[in-house]
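Enquirer: Here it is, the structure, as structure tokens.
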Amino acid sequence: MLKSNLSLQPNRLGEAALSASRQVWLASLGAAVVTRDWMQTEAGGVFKTLVKEGTVVESRAIRFVGDRIENSVSFANSVWRETRKNVESTVKHAAEAAVSIAQQVLPRSLPAFELPGGTKTAKAAPSRRAARAEKRPARGSTTKRAKRARKAATKHA
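Residue 46 in our numbering sits at position 12 of the sequence shown, with consecutive numbering throughout.
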């Protein structure tokens, strides 16, 4: 029924909306004036007290957060030191185990061999093609010679 009354009187609906918004505007103006008057007369002491209390709470919070951060950083540093020590110890043990395994697996006396470029006399610089050929290992022959040498060394050991 209300809907039908409003549809018949569109001017009245516009007036009601304008009146309501004006009342809200006037209420907020009144609240601002009352607040200003209260701040000028009565709230000065209350406001100062609130600022002091806020300062105390803020300093406590900063101290608390600072202590927590300091403890966290200290804990992180100790975890880092412990982790580093564990990693170093693990790597050392792994290296020692690898050396031990290599000593057990490899023969006691290996055949003598000459390292490339070790004791050769200096020559003129080889051409590019010759240099590439020197870098490439001979296919199969070096590997076969090394296998034969290891077999012979294990038989004699």
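Glycine included, every Cβ here is placed at the ideal spot set by N, Cα and C.
Nearest-angstrom Cα distance between residue 59 and residue 81?
Expert: Straight-line Cα distance between these residues: approximately 27 Å.
Enquirer: Using only alpha-carbon positions, find the residue among 148, 188 and 68 that is nearest to residue 140.
Expert: Residue 140 has its Cα closest to that of 188, out of 148, 188 and 68.
Enquirer: Let me know the secondary structure DSSP gives residue 146 once reduced to three states.
Expert: Looking at residue 146 - three-state DSSP - the assignment turns out to be coil, as it is neither helix nor strand.
Enquirer: Where does residue 151 fall in DSSP's three states?
Expert: DSSP places residue 151 in coil when its eight states are reduced to three.
Enquirer: Start and end of the alpha helix (DSSP H) containing residue 76?
Expert: From DSSP, residue 76 is part of no alpha helix (DSSP H); its letter is neither H nor E.
Enquirer: Is residue 183 near residue 145, with beta carbons less than 8 Å apart?
Expert: Yes; because the gap between Cβ atoms is below 8 Å, this pair is in contact.
Enquirer: Alpha carbon to alpha carbon, how far is residue 99 from residue 130? Give it in angstroms, no decimals.
Expert: Approximately 46 Å, taken between the alpha carbons.
Enquirer: Out of 149, 186 and 103, state which residue places its alpha-carbon closest to the alpha-carbon of residue 4.
Expert: There is no way to answer for residue 4, as the model of the chain reaches only from 35 to 191.
Enquirer: Return the CA-CA distance between residue 87 and residue 78, expressed in angstroms with no decimal places.
Expert: Taking the straight line joining both Cα atoms gives about 14 Å.
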